[in-house]
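Anchor point for the sequence shown: position 218 equals 289 in my numbering, and the numbering is continuous, going up by one each time.
In this text, a Cβ means the ideal position worked out from N, Cα and C, and glycines have one as well.
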Amino acid sequence: MRCSAILLYAGLLLSTAAGATEEITLASPEYWCPFSCTAGQAREGFTVEIIRAIFEPQGIPVRLVNENYSRALSNVRAGLYTATPSTQREEAPDFTYPAEPVSLNRFCFYTQAQDNWQYKGVDSLPGRSLGIIQNYSYGPQLDAYIRANPQAFRRQAGDGLTLRLLRQLQVGRYNTFIEERNLVAYTLLGNPALTARLAGCESGSYSYMAISPLHPRRADYARLYDEGLRALRASGELTRILARYGLSDWQE
């Protein structure tokens with residue numbers, strides 16, 4: 072009898088310890104700023120901050136680990152980390168996803184401020200010179216147009232590509248460039264001397280907190296994320312987090 076009581080007490084201690092050390096570990100590259108940035112810095116990325124604002128009030132700390140994206144997906148799939156903070160469903164269909172996204176990703180077209188051209192599909196592109204990033208895919212229609220009209224495009228490669236696209240637009244190397252909207256907004260926030268006019272976007276795709284298929288609380292975490300995201304939006308905290316990165320709510 073006494074032995075059974077000791078075993079039961081030990082089990083309770085282990086259970087309490089496990090609950091006390093519960094932690095969400097997010098794996099993502101540092102070069103994806105503002106989606107995810109360098110672990111440990113003041114701004115680790117807006118997707119990380121959203122997830123932290125949802126889970127830490129529930130007593131679950133959130134920690135970012137920097138890994139390249141392929142390795143991050145593999146290690147989350149293997150259960151070494153809890154989730155990636157920003158993944159499209161088709162990239163890892165075996166993961167568990169909340170219903171609510173963490174970001175809307177859109178390729179958009181930018182011009183100088185005085186230009187009144189507006190993107191209205193590929194039929195509006197003839198006559199434009201465009202800056203793009205080498206080896207990017209911009210979707211089937213745009214990729215086909217790029218292949219058919221290579222002379223219209225100026226390709227950028229290397230580091231700091233969004234900043235380079237903005238600078239080359241400013242000096243007139245081309246009159247338009249294509250880039251993901253969140254990246255441009257964040258880069259402009261850090262470079263107030265640069266300007267660019269938004270001239271239209273392709274249809275977007277959503278990214279989600281992608282939870283390991285091996286995590287025992289994956290369904291609970293998905294539910295908590297959905298409830299928490301809606302609460303952040305209602306309270307205005309989501310708007311405040313996004314504003315730190317020069318962004319706005321994707322529902323607006």
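Exercise. List the DSSP bridge partners of Val51.
Key: There is simply no residue 51 to check, as the chain begins at 72 and stops at 323 in what is shown.
Self-check item: Neighbour-count burial assignment, Tyr257, 16 or more Cβ in a 10 Å radius
Solution: buried
Exercise. For Gln159, verify whether its CB is less than 7 Å away from any heavy atom of the ligand ADP.
Key: Of the ligands one can find in the structure shown there are none, so the ligand ADP has no counterpart to examine.
Quiz prompt | Alpha carbon of Gly275 to alpha carbon of Glu171, nearest angstrom | solution = 15 Å
Exercise. Return the residue from the list Gly299, Val136, Tyr168 that minimises the CA-CA distance to Ser107.
Key: Val136
Quiz prompt | Spatial neighbours of Leu85 in its chain, beta-carbon cut-off 7 Å, leaving aside the 5 residues before and after | solution = Its pLDDT being 38, under 50, Leu85 is placed unreliably by the model, and the measurement read from it follows with that caveat. Here the set comprises nothing.
Quiz prompt | Residues of its chain near Glu138, where Cβ-Cβ distance is below 6 Å and the 5 sequence neighbours each way are ignored | solution = Excluding residues within five positions, the ones whose Cβ falls inside 6 Å are Ala98.
Quiz item: Pick from Leu269, Asn253, Ala110, Asp214: whose alpha carbon is nearest that of Tyr190?
Solution: Each of Leu269, Asn253, Ala110, Asp214 was checked against the Cα of Tyr190, and the nearest Cα belongs to Leu269.
Practice problem: Taking Arg225 as part of the beta strand (DSSP E), name the residues at either end of that continuous run. | Solution: 224-227
Quiz item: Nearest to Val193 by CA position, among Pro211, Ala290, Ala184, Thr182, is which residue?
Solution: Pro211
Quiz item: Which word fits Gly130, buried or exposed, when buried means at least 16 other C-beta atoms lie within 10 angstroms of its C-beta?
Solution: exposed
Exercise. For Gly271, name the three-state secondary structure that DSSP assigns.
Key: strand
Practice problem: Please look up how many angstroms separate the CB atoms of Cys179 and Gly271, rounded, as I've assumed it's under 8 Å. | Solution: 7 Å
Practice problem: Decide if Thr92 is buried, meaning its Cβ has at least 16 other Cβ atoms within 10 Å, or exposed. | Solution: Thr92 counts as exposed, since fewer than 16 other beta carbons sit within 10 angstroms of its beta carbon.
Practice problem: Spatial neighbours of Ala228 within its chain, please: CB distance less than 7 Å, with the 5 preceding and 5 following residues excluded, ordered by chain position. | Solution: Gln205
Quiz item: Cβ of Thr153 within 8 Å of Cβ of Ala293?
Solution: no
Quiz item: How about Thr118 and Pro156: are their beta carbons less than 8 Å apart?
Solution: A contact, by the Cβ cut-off of 8 Å.
Self-check item: Simplified DSSP assignment, three categories, for Ala149
Solution: Residue state for Ala149 is assigned as coil, using DSSP reduced to three classes.
Quiz item: Under 8 Å between the Cβ atoms of Ala223 and Leu201?
Solution: yes
Quiz prompt | Three-state secondary structure (DSSP) of Phe166 | solution = coil
Practice problem: Could you tell me whether the Cβ atoms of Asp297 and Thr310 are closer together than 8 Å? | Solution: Not a contact, by the Cβ cut-off of 8 Å.
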